[in-house]
Amino acid sequence: MAARDRFARPRAAVAAVAVGFAVLVVAPANRAGAAAAVPTRRAWVQGDSVLLGALGQVQSDLRADGWTATATAFGGLQLVAAIPLFRQEQANLGSVVVIELGNNFCCDVSQFGAQIDAAMAAIGPRHVIWLTTAVFEPRQQQINAVMRQSVARWPNAVVADWGAIVAANPQAVYADGLHLTPTGRSLMTAFIHFLLDAWYQRQLRGPSSTVVTALGAAPADGPSGQPPAPSVPAGMAATRDGQGYWVVSSDGTVAAEGNAISHGSVGNAVLGPFRSIVGVAATPDGGGYWLAADDGSVFAFGDAAPHGSLGGVALNQPVVGIAATPDAGGYWMVAADGGVFAFGDAAFHGSMGAVTLNQPIVGIAATPDGGGYWMVAADGGVFSLGDARFEGSTGAMHLTQPVQSMAATRDGRGYWLVGADGTVYPFGDAKSFGSAPPPTAGSRSAIYAAITPTPADDGYWLLAGVPAQ
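Going by the numbering used here, the sequence shown opens with residue 102, and the numbers climb by one from there.
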């Protein structure tokens, strides 16, 4: 059956965002100029006196999370003076560069675009994230406009709106409207960290080999050890009797295992180069499913009815998960900033959109009666809304790998979290059936993306992708 992707406004609006990280403006694919970046966690962060106030915090925060990061800043630095530095430090720039410059531009604003082009040429085939400036004087609006226009010429560059964060959080800067207060230093640190992590996650699109680990009473139906596919696993849903499941990949491909029946896939022709599938939810009878993309588009297959989507809506942050109501009459989607979007008969029970999160939201699970839902962040922090009961979290623990997904027990009195390394964290009445086995000597580590329990809660599957290179 053909995919149905229909747009409708959400039934319940997301709470107003007081602190929200601006979505990256992704460049069109047909612009010439640079090769794709190499996906490694090596970053260079360059700034002026604004970044200087948060320099140590930014660098230590990134390094603590496994980034090989170099952060440099000089008071009064202009972009034109940074260009020779980019040439000189070619061997140390890594795979991604963050630039916080434009506050000290002294000349005709129309010349700023030529300096951006020169900087991009000097940086070379790396991903570059340009931060807009705070509008501490009217001229900065022109600077930011030229930045957006100029960056749009480069396929390996995006603009992230730091200026919007300052506008929404005036306490982030001192009376000059520019330099960072302690609150602003923390905001900038978290913003840069989020941008780098989001970029890195987008590089993990494949190729990879899908691996499903069955634990407890979950049937081991595969797939495992298959040839690499040009994508990564994105989500998983079990059939009504637990004798099969569907695995969806980031490119929209759906694989049916056991007694699961394939009702169709999306494919790259529909998604295009800048959208990825991030989750799947099945109808109660197993006769269909919905696939959610990171831009909020929803694709319905089989007996899954389309209840609307966010395709075409400008989001603050990308969608990261989807959960269906018990009667299949609606669904919720959650974005990385904790914004929740309700469609069909899904009731809006609140969101985290107006809350400053330590880490982005990575998943959502609904209660059995549809009267609430949980959201989980990358640090394992769990947020319970509606009739969802809080049963614990890993938010205060030091995790070796970030949490990737969550799943609820059938009675709603517990849930499981799974980390990228396959570690399972059970809470409430969720039983532990173990975690993923460690990789064998000489093999590549799998990156776990989802956990799916059996209908009887007597086991679960862990979904992972093993990078091909």
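Beta carbons: idealized from backbone N, C-alpha and C, even for Gly.
For Arg143, the enclosing beta strand (DSSP E) begins and ends at Arg143 to Gly148.
The distance from the Cβ of Gly359 to that of Thr340 is about 7 Å, consistent with a contact at the 8 Å cut-off. Looking at the DSSP output, His228 bridges to Val197. Rounded to whole angstroms, Val260 and Leu392 show a C-alpha spacing of 28 Å. Between Tyr390 and Trp562 the beta-carbon gap is near 16 Å, outside 8 Å, which marks them as no contact. Rounded to whole angstroms, the separation of the alpha carbons of Gly481 and Ser350 is 23 Å. With the rule of 3 Cβ pairs closer than 8 Å, the segment 216–223 does not count as touching the segment 157–177. Shown here, Thr311 sits in a strand according to DSSP, grouped into three states.
By the criterion of at least three beta-carbon pairs nearer than 8 Å, the segment 433–441 is in contact with the segment 452–468. With contacts defined by Cβ atoms closer than 9 Å, Ala172 and Gln189 do not form a contacting pair.
Counted as a single uninterrupted DSSP element, the beta strand (DSSP E) harbouring Pro334 occupies residues Pro334 to Ala339.
In the DSSP annotation of this structure, Val567 is not part of any alpha helix (DSSP H); the continuous beta strand (DSSP E) holding it starts and ends at Gly560 to Pro568. DSSP places Phe292 in the helix class (H, G or I) of the three-state scheme. Separation of the CB atoms of Leu297 and Leu163 is rounded to 7 Å, and the pair is thereby assigned contact status at 8 Å. No residue range can be given for Trp168, since it is assigned to no beta strand (DSSP E) and is classified by DSSP as neither H nor E. The beta carbons of Val414 and Ala394 sit about 12 Å from each other, so the pair does not count as a contact at 8 Å. Trp145 is the residue among Ser211, Trp517, Trp145 and Ser452 whose C-alpha sits nearest the C-alpha of Leu186. In this structure, the straight-line span from the alpha carbon of Gln158 to that of Asp438 is close to 22 Å. In this structure, DSSP gives Met434 an extended state, which the three-state scheme calls strand. Out of Thr457, Ala489 and Val483, the CA that lies nearest to the CA of Gly472 is found in Ala489. Of Phe449, Ile217 and Thr510, the smallest CA-CA separation from Asn257 is found for Ile217. One thing to note: Met248 has its Cβ no nearer than 9 Å to the Cβ of Val151. Taking 8 Å as the upper bound for CB-CB distance, Gly388 and Gly403 are in contact here, some 5 Å apart. Counting C-beta pairs closer than 8 Å gives fewer than three between the segment 269–287 and the segment 525–533, which falls short of the contact rule.
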